[in-house]
Amino acid sequence: MMPHRRVAVTSPQTRLAHARRRSRGRWRSPVLEPADAERAQRLFRIQRRRAMVAVGWLFALVLLLPLMFSLWPQLDAMRLFGIPLSWLAVVFIPFPAMVFLAIWQLRRAEKPEDQA
240 MMPHRRVAVT SPQTRLAHAR RRSRGRWRSP VLEPADAERA QRLFRIQRRR
290 AMVAVGWLFA LVLLLPLMFS LWPQLDAMRL FGIPLSWLAV VFIPFPAMVF
340 LAIWQLRRAE KPEDQA
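If you count the sequence shown from 1, position 49 lands on 288 in my numbering, and the numbers rise without skipping.
Put into structure tokens, the structure is as follows:
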């Protein structure tokens, strides 16, 4: 049985960047067909709108955490395993939430590409 041949898959922009470095000439962006350009712009607008929603949630997460501490100052007095609950909240709330938000955004960004 023949082993599978490995193929490097790169972005067209990556190839252009490498070619540009070699040629040192004037670089021109690739021109898309009108239908492809329209589809790319539509996808870009959809993905940008969805990204703004995700960024909004990220800002809400970052801004609401200090608000939570100011509304409930007793979180500093409460301890779990000798560690203030506010410190545990700083560690265990934002990072898992950001991971969830990143996965959620990635799936939402890929969905329009799959449908088109």
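Beta carbons are placed, not taken as given, at the ideal position from N, Cα and C, and that holds for glycine.
C-alpha gap between residue i and residue j, whole angstroms
i, j, result
"residue 322", "residue 272", "60 angstroms"
"residue 308", "residue 314", "7 angstroms"
"residue 318", "residue 300", "23 angstroms"
"residue 305", "residue 329", "9 angstroms"
"residue 297", "residue 277", "30 angstroms"
"residue 303", "residue 320", "25 angstroms"
"residue 281", "residue 316", "52 angstroms"
"residue 269", "residue 336", "38 angstroms"
"residue 274", "residue 345", "25 angstroms"
"residue 288", "residue 312", "36 angstroms"
"residue 285", "residue 333", "26 angstroms"
"residue 339", "residue 326", "20 angstroms"
"residue 377", "residue 279", "Summary: the structure shown does not reach residue 377, with the chain confined to residues 240 through 355, and so no result is reported for it."
"residue 324", "residue 331", "10 angstroms"
Residue closest to residue i, alpha-carbon to alpha-carbon, out of the options
i, options, result
"residue 347", "328, 290, 309", "290"
"residue 293", "312, 351, 341, 332", "341"
Delimiting residues of the alpha helix (DSSP H) encompassing residue i
i, result
"residue 269", "Neither: residue 269 is in no alpha helix (DSSP H) and is coded neither H nor E."
"residue 317", "Per DSSP, residue 317 belongs to no alpha helix (DSSP H) and is neither H nor E."
"residue 342", "333 to 354"
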